[in-house]
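Below is one structure, written out as structure tokens; comments come after it.
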Amino acid sequence: MSDQFISMKQMRENFPEYKAGLERGKTYTIIYRSKPLARLTPISSGPKYTKEDREKVRKLAGKVQGGKDLTPEKLNKLIDESYEDVLS
Amino acid sequence: MNHMKTCYLDANVLVYLCLHDSPFHKKAIDIIEKLYLDQYVLYTSPLALDEHIHAIKRTIQKEKLQSIYPTLHAVLESILDLTGLSLINSPTDLASQFHILTYMKDYSLKTRDAYHLLIMKYHDISHFATFDEDFEKVFADGMMEKY
Chain A
1 MSDQFISMKQ MRENFPEYKA GLERGKTYTI IYRSKPLARL TPISSGPKYT
51 KEDREKVRKL AGKVQGGKDL TPEKLNKLID ESYEDVLS
Chain B
1 MNHMKTCYLD ANVLVYLCLH DSPFHKKAID IIEKLYLDQY VLYTSPLALD
51 EHIHAIKRTI QKEKLQSIYP TLHAVLESIL DLTGLSLINS PTDLASQFHI
101 LTYMKDYSLK TRDAYHLLIM KYHDISHFAT FDEDFEKVFA DGMMEKY
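Listed in order, the protein sequences are those of chains A and B. Under full-length UniProt numbering, the first residue of the first sequence is numbered 1, with each subsequent residue one higher. Under full-length UniProt numbering, the first residue of the second sequence is numbered 1, with each subsequent residue one higher.
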């Protein structure tokens, strides 16, 4: 796949588009003041999580005791309270 | 080359991940383990962390079982230690801020939730892991896929 040439301005203004391109494996050459400045290439085609990464989740989880009756609805209300904290 | 699968973690997934006694605790662990198994790139935002810290703080205050700040520190550390989790933010250009109003109107979202949606759309994220039913219209419309 050949590089796509883009200016710094294009990069700044349309970053999500180029990020998506990088995630699809595209490579870009960045032009600054009419000259090629840098080549932007994706580091990899995706994450490579291991069994250890999955096992780590259980080690990191459950640090707080409680929350027995905290349903998603109650949790939403609790988060809404953070606004009331500031306003009251 | 494959397009990377991306997922944004809502505050409630992070909260239930940390709350040992919650009936949703195991489900939150299962979600994250499955995201790893399916090789998703994981994202959350300072906005979600703000909600997460507030909810955890209130739970600790209510239960009175643990000291607040050391526990909050340990909890935040554990979230940020999740492999491959990146923090992303909302765009700062002026035009994007008006999307918030459109999202609030079209999907009956609260301002805060509209900002979560803006973050996900701006960063081209395909999936959203949440327990929040306020996003049902967003999922029904195909704006995001529920994980």
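Ideal Cβ placement from N, Cα and C applies to all residues, glycine included. For clarity, every value in this text was computed on a predicted model and none was experimentally measured.
- DSSP places residue 37(A) in the strand class (E or B) of the three-state scheme.
- Using a Cβ distance threshold of 8 Å, residue 66(A) and residue 77(B) do not count as a contacting pair.
- The beta-carbon of residue 51(B) is placed less than 8 Å from the nearest beta-carbon of chain A.
- Comparing alpha carbon positions, the residue from 112(B), 125(B), 9(B) closest to residue 19(A) is 125(B).
- DSSP places residue 45(B) in no alpha helix (DSSP H); its state is neither H nor E.
- Interface flag for residue 77(A) against chain B is unset, since no Cβ pair is found closer than 8 Å.
- Within the DSSP secondary-structure output, residue 4(A) pairs in a beta bridge with 28(A).
- Residue 39(B) reaches chain A at 46, 47, 48, 49, counting residues in chain order whose Cβ is nearer than 8 Å.
- Per DSSP, the unbroken alpha helix (DSSP H) holding residue 17(B) starts and ends at 11–18.
- Within the UniProt domain "PIN" (5–137) of chain B, the complete beta strand (DSSP E) runs of at least 3 residues fall at 6–9, 41–44, 85–87, 127–129.
- For residue 40(A), no chain B residue has a Cβ inside 9 Å of its Cβ, as the nearest lies near 15 Å away.
- If you ignore the 5 residues before and after residue 145(B), its C-beta comes within less than 8 Å of the C-beta of 126, 127, 128, 139, all in its own chain and listed in chain order.
- Residue pairing of residue 145(B) in beta bridges, as defined by DSSP: 127(B).
- Within its own chain, the residues whose Cβ lies closer than 6 Å to the Cβ of residue 66(B), once the five positions on either side in sequence are excluded, are 60, listed in chain order.
- Within chain A, no residue has its beta carbon less than 8 Å from that of residue 129(B); the closest one is some 13 Å off.
- For residue 132(B), the closest alpha carbon among the candidates 14(B), 5(B), 123(B), 71(B) is that of 14(B).
- For residue 53(A), the chain B residues whose C-beta falls within less than 7 Å of its own C-beta are 36, 83, listed in chain order.
- Rounded to the nearest angstrom, the gap between the Cα atoms of residue 100(B) and residue 71(B) is 34 Å.
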